[in-house]
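Peer 1: The structure under discussion is supplied below as structure tokens; questions concerning it will follow.
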DNA sequence: ACAAAAGTGTTAGATTTACACCCATGA
DNA sequence: TCATGGGTGTAAATCTAACACTTTTGT
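Chains as they are written, first to last, in the numbering used here: chain A, 7 to 249; chain B, 7 to 249.
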């Protein structure tokens, strides 16, 4: 799945000193790559090898090339790190604090993307690359905690109004998995009956007439996302206060 | 209100040739400055004097200086053009298409801001500066129509969930003005009784026990925004389809 | 008295919320 | 037969949507 790439993979956040003298302002992209393991929301991070941020975790990012579109740069980072293409991605915010990068003025455009965590094969050479539970992350390199928090907030806003969560799930999933996903992202608990009723009534999911295998209890029915579903102008779920 | 500014006011979009040789990628900000005249949503634009965009209208923007925060650059543009400070402003999206600027690679961070249109005193030297009805704009210079459309969409999303519209109104306003504002931004009509009931029940506005002057009909009561109102997790208005 | 816009209440329908028991499977 | 999680329905409360007449002011 890894496309051939004539440029060596460098992380803007670990190999940046060379740009200092060439650009007054450098532009980078940083990708918040979300995955879901069935229970908690995870994010793909790399260990910073900048001395200053020794042992801190960093988002995946890179300099935007002068002849490269912004979105293309973000997709390139994603492809180089995960081998994935055609995944859901959204630009979120641009961070440009003067002191955000020790190597000089770097303005970074932050994206988040939603991938199926099981489709990502981490390569041996990427031994610094790991999935982290979002809610366990306290500190990160650079301003990456701020970027992550901003992207989590955006994902929360988005998933309440728009059915993007399916990108984090396997093609076939149970209602329990779907509910776990919403609860993990939004940090709330839903009533099981109401949650199911809501999704089924929206016509967003389609019963596959299949059931789970290899579970030690009554197997759940499997569904898939119905791409043809018309989006009514309604919220998917309602979140009340106790987030 | 105009702060002293040691730099001459230049519009990134009209005086950019000098940067071409210095930066591989230049970063700019563009401001979508919204105002409301009581009936329609307006945006403050300047006439492009770039030959290529002769007679096209352009957003207000400028290069971000190497030692300047992004938000500071946007506030600077706003201050230089309107004399206003401390206005509502939100970063929306960053546009970086390769060919978006004829002078070279310029990535621009778009902001929108909400100002009281009557507080903006256009200076004589700004004869190219005008308020335009948003819905009448068909073409603009550069990719500015795309940027405007993106900011309008963001404003629509925001005003449905968050009481930002007050920034476009005078301190004292009638419920009719408030409703006109929502209708102008969202492009829908609301039932007057339901709209009033909704806002009054939210506790967002405070009755001033004053009425309009100089109207040739029954004067409306005046209200002000209640800053202390607790935001319930509810939509302010509901928009159904016919937008 | 007329014109123009302000102000006001009720009801039906839809949506949300709260809540508890039986079912299917593997061990 | 037990443990585990899957699957289901109903009723109360809240919210939304539809709808028309009276009041106040200036002319």
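Cβ coordinates follow ideal geometry from the N, Cα and C atoms, glycine included. All values derive from a computational prediction rather than experimental measurement.
#1: Pull up the distance between the alpha-carbon of residue 212 of chain A and that of residue 117 of chain A, whole angstroms please.
#2: Could you have a look at residue 180 of chain A and say whether DSSP puts it in helix, strand or coil?
#3: Buried or exposed, going by whether 16 or more other CB atoms sit within 10 Å of the CB of residue 207 of chain B?
#4: For a quick check, are the C-beta atoms of residue 100 of chain A and residue 67 of chain A less than 9 angstroms apart?
#5: What did DSSP end up calling residue 199 of chain A once you bin it into helix, strand or coil?
#6: Using 10 angstroms around the beta-carbon of residue 131 of chain B, count the other beta-carbons present and answer buried if the total reaches 16, otherwise exposed.
#7: Does the count of Cβ pairs from the segment 121–130 of chain A and the segment 82–97 of chain A closer than 8 angstroms reach three?
#8: Would you tell me roughly how many angstroms separate the C-alpha atoms of residue 172 of chain B and residue 188 of chain B, rounded to the nearest one?
#9: Going by Cα to Cα distance, which pick from A:168, A:201, A:95, A:129 is closest to residue 36 of chain A?
#10: Is there a Cβ from chain A that is less than 9 angstroms from the Cβ of residue 104 of chain B?
#11: Who are the neighbours of residue 97 of chain B on chain A, taking C-beta pairs under 8 angstroms?
#12: Considering only C-alpha positions, which residue in the set B:231, B:162, B:141, B:144 is nearest to residue 184 of chain B?
#13: Who are the neighbours of residue 197 of chain A on chain B, taking C-beta pairs under 9 angstroms?
#14: Can you list, in chain order, the residues of its chain whose CB lies under 6 angstroms from that of residue 43 of chain B, leaving out five sequence neighbours each side?
#15: What first and last residue would you give for the beta strand (DSSP E) that runs through residue 82 of chain A?
#16: I'd like to know if the segment 162–171 of chain A and the segment 67–78 of chain A are in contact, where contact means that at least 3 CB-CB pairs between them fall below 8 angstroms.
#17: State the CB to CB distance for the pair residue 139 of chain A and residue 204 of chain A, rounded to an integer number of angstroms; the pair is presumed to be in contact (CB under 8 angstroms).
#18: In whole angstroms, give me the CA-to-CA distance for residue 61 of chain B and residue 196 of chain B.
#19: Report buried or exposed for residue 149 of chain A, applying the criterion of at least 16 other Cβ atoms within 10 angstroms of its Cβ.
#20: Which residues does DSSP pair with residue 119 of chain B in a beta bridge?
#21: Which residues does DSSP list as the beta-bridge partners of residue 68 of chain A?
#22: So, are the CB atoms of residue 180 of chain A and residue 227 of chain A less than 9 angstroms apart?
#23: In this structure, how does DSSP classify residue 212 of chain A when only helix, strand and coil are distinguished?
#24: Could you work out which residues of chain B lie near residue 75 of chain A, taking near to mean beta carbons separated by less than 9 angstroms?
#25: Would you mind telling me which residues of chain B sit closer than 8 angstroms to residue 31 of chain A, beta carbon to beta carbon, in chain order?
#26: Check each residue of the segment 110–134 of chain B: if its Cβ is closer than 7 angstroms to any Cβ of chain A, include it; give the result in chain order.
#27: Check whether the Cβ atoms of residue 243 of chain B and residue 192 of chain B sit closer than 9 angstroms, and answer yes or no.
#28: By the 10 Å Cβ neighbour count, where 16 or more other Cβ atoms means buried, how is residue 216 of chain B classified, buried or exposed?
#29: When DSSP labels each residue in this structure, what does residue 136 of chain A get in the three-state scheme?
Peer 2: Let me spell this out:
#1: 30 angstroms
#2: coil
#3: exposed
#4: no
#5: helix
#6: exposed
#7: yes
#8: 10 angstroms
#9: A:95
#10: yes
#11: 99, 100
#12: B:231
#13: In chain order: nothing, as chain B lies at least about 17 angstroms away.
#14: 123
#15: Taken as a continuous stretch (DSSP letters only), residue 82 of chain A belongs to no beta strand (DSSP E), being part of the alpha helix (DSSP H) at 76–88.
#16: no
#17: Actually they do not touch by this definition, with Cβ atoms about 27 angstroms apart.
#18: 37 angstroms
#19: buried
#20: B:39, B:95
#21: A:35
#22: yes
#23: strand
#24: 102, 103, 104
#25: 29, 31, 32, 33, 70, 72
#26: 111, 113, 115
#27: yes
#28: exposed
#29: strand
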